[in-house]
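Engineer: First, the structure itself, so that you have it in front of you.
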Amino acid sequence: MTTPATTPINKKVGFINAFIAATLMGFVGFFARHIDAQGDFIAFSRMMCGGLLFFGIIAYKGRLLDLKSFKLSPTMILSGFFMGNCLSAYITATQHTSIANAVFFIYIGPIISTLLAVIFLKEKMKAGTWVALLAVFIGMMMISGLMSIGPNGMSFGMEFSEKTFFGDMMALYSGVGYGLFLFFGRFRTEVPGDVRAFWNFVFALAGITILFIFTKPTISQMTSTDWMWWIGIGIVCGFGALGTCTIATRHLKAAEFACVSYWECVVAALFVGLMIYGEPLSSAQMIGGALIIIGGMSEVLISMLGKSLKKSDKQADAVSAL
């Protein structure tokens, strides 16, 4: 029996896909504002379009046998399940608690995945990576309005109440789910990105369908315009964003992906909020955006430079051995 061919780990491919994923994810709010539907039904579009389009790509390449050759494993199933659940929980959270709380909790996801990868996968973290991760996390809190600059210095504006308890718990679940999705995505790196993405979307769909039993979404109020935007978010923020996210996690360590993932906040605030809706940015938000850009780019440079140095050392060793 022949072993299916796989592509080697490529940091450049990983970072490019991570930036594409974060950029497209930043437009989720833009599409969602045009759809009169429940959050989990919007998430369903992202999973359905992603699954169908990746299946079409695999079929077009004549690689349908790869879906059978690369056996399913619990980590592949769990990665997809949590991908669908975390996105549904996040959108539900935005409807029952403040946007600031929902954003904060879902963005602890990359931190969770990084810690899990360090503990269980023994992924090593350089000091520079810890600094970059701290910078982008602080930048996220500033650009989302959780941290602000006032006459008395920095202030933290997160609030909890009994009224928003359900929403806060859904937001917390979305963050944990996001972290588990990214963590389980670090397993089975021998499986090609498109095959992994297809199965992720399949099991994400299964997870959301189970949630429908409890949420009972309605579609009778949706107009033809709503349906067009519903398909649009599925293609752009489902197939495009989540597909490239799955490919990126195959090539990058958890911390590397985490540092780049916060670019989504800059896209949402700058390109969607400011340029499309004319929402002004405060000085704290601009500082936060700068921290995310600097932190993300520094991690790319740290990773790529480290790879180049290792390659140079190997070449030097090969020459000295002659």
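Mapping of the sequence shown onto the numbering used here: position 85 corresponds to residue 446, and the numbering continues sequentially without gaps. All C-beta atoms, glycine included, are put in the ideal place defined by N, C-alpha and C.
#1: Measure the alpha-carbon distance for Phe600 versus Met486 and round it to whole angstroms.
#2: Which residue from Ala565, Gly649, Ala629 and Phe548 puts its Cα closest to that of Ile370?
#3: Does DSSP put Ser581 in a helix, in a strand, or in coil?
#4: Kindly indicate which three-state DSSP category Met437 falls into: helix, strand or coil?
#5: Tell me the rounded alpha-carbon separation between Leu495 and Met589.
#6: What residue range is occupied by the uninterrupted beta strand (DSSP E) comprising Gly511?
#7: As a quick exercise: from Ala382, Gly387 and Asn378, pick the residue whose alpha carbon is nearest that of Met636.
#8: Which of helix, strand or coil does DSSP assign to Met486?
#9: Taking only the alpha-carbon atoms, compute the straight-line gap between Phe521 and Ile473 and give it to the nearest angstrom.
#10: If you draw a straight line from the alpha carbon of Ile580 to that of Ile396, how long is it in whole angstroms?
#11: Whole alpha helix (DSSP H) runs in the region 427 to 478 with 4 or more residues, listed along the chain?
#12: Identify, in the order they occur along the chain, each residue of the same chain with its Cβ nearer than 8 Å to the Cβ of Met462, setting aside the five sequence neighbours on each side.
#13: In its own chain, which residues sit with a C-beta less than 8 Å from the C-beta of Lys372, not counting the 5 before and 5 after it?
#14: Do three or more CB pairs link the region 434 to 444 to the region 504 to 513 at distances below 8 Å?
#15: Between the beta-carbon of Pro578 and the beta-carbon of Phe392, is there less than 8 Å?
#16: Taking the straight line between their C-alpha atoms, what separation do you get for Met409 and Phe562?
#17: Suppose the cutoff is 7 Å on Cβ atoms and the five residues either side in sequence are ignored; what does the same chain contact list for Ser535 look like?
#18: May I have the straight-line CA-CA distance separating Ile377 from Ala609, to the nearest angstrom?
#19: Rounded to the nearest angstrom, what separates Phe415 and Trp560 at their Cα positions?
#20: Please name the residue in Thr584, Phe632, Leu631 and Thr550 whose C-alpha comes closest to that of Leu375.
#21: In chain order, what residues of the same chain have a beta carbon less than 7 Å from the beta carbon of Gly390, not counting five sequence neighbours either side?
#22: CA-CA distance, His457 and Pro471?
#23: Going by beta carbon distance, what residues of the same chain come within less than 7 Å of Gly538, once the five residues before and after it are set aside?
#24: Verify whether the separation of the beta carbon atoms of Gly411 and Leu603 is less than 8 Å.
#25: Could you pull out every residue in the same chain whose Cβ sits closer than 6 Å to the Cβ of Ala565, ignoring the five residues on either side in sequence?
#26: From this set, Val556, Thr490, Cys626 and Ala619, which residue's C-alpha is nearest Leu433's C-alpha?
#27: Give the DSSP-derived three-state secondary structure of Phe559 in the structure shown.
Structural biologist: According to the structure data:
#1: 31 Å
#2: Phe548
#3: coil
#4: helix
#5: 39 Å
#6: Met508 to Gly511
#7: Gly387
#8: coil
#9: 22 Å
#10: 11 Å
#11: 427 to 430, 435 to 457 and 460 to 467
#12: Correcting the residue identity first, residue 462 is Asn in this sequence and not Met. Same-chain partners within the cutoff: Ala454, Met519, Glu520, Phe521, Thr525, Gly528, Asp529 and Ala532.
#13: His612, Leu613, Glu617, Ser664, Met665 and Lys668
#14: no
#15: no
#16: 7 Å
#17: Cys447, Ala450, Tyr451, Ala454, Phe466 and Ile467
#18: 8 Å
#19: 9 Å
#20: Reading off the sequence, residue 375 comes out as Gly, not Leu. Among Thr584, Phe632, Leu631 and Thr550, the Cα nearest to that of Gly375 is on Thr550.
#21: Ala629 and Val633
#22: 23 Å
#23: Phe443, Asn446, Cys447 and Ala450
#24: yes
#25: Met408, Gly441, Met444 and Gly445
#26: Val556
#27: helix
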